[in-house]
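Sequential numbering of the sequence shown, starting at 240, is according to the numbering used here.
Built from N, CA and C at the ideal position, the CB exists for glycine as well.
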Amino acid sequence: MNRTSVKEQFNPLLLEEAREAVMKLKTLKPFLSSQDEETLSVLMDQELVSRLKRSLNEASAGKLEPLKNILA
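Pasting the structure below:
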């Protein structure tokens, strides 16, 4: 990726939104349960969320693998 394309994709508003989200999480952390923290860590893992979306789309399309094949 060249320098121009990175500059074109940069959005300062996204950086500000991310900073605000981090500040809110720091404030709320003492009140979060371990389940809440685990959910947040899953949602923040972009690769995992992408895989989950793909899996849900495949399931909706009827592309299911029998459990016996998965566990074999």
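| Asked | Found |
| --- | --- |
| Cβ-based neighbour list, M240, same chain, cut-off 8 Å, excluding 5 preceding and 5 following | Any reading at M240 must be qualified, since the residue scores a pLDDT of 47, below 50, and its modelled position is unreliable; no value is offered. |
| Three-state class that DSSP yields for L254 in the structure shown | helix |
| Spatially closest choice to L264 from P251, N308 and T278, by CA coordinates | T278 |
| Own chain residues within Cβ distance below 7 Å of V288, not counting five before or after | L282 |
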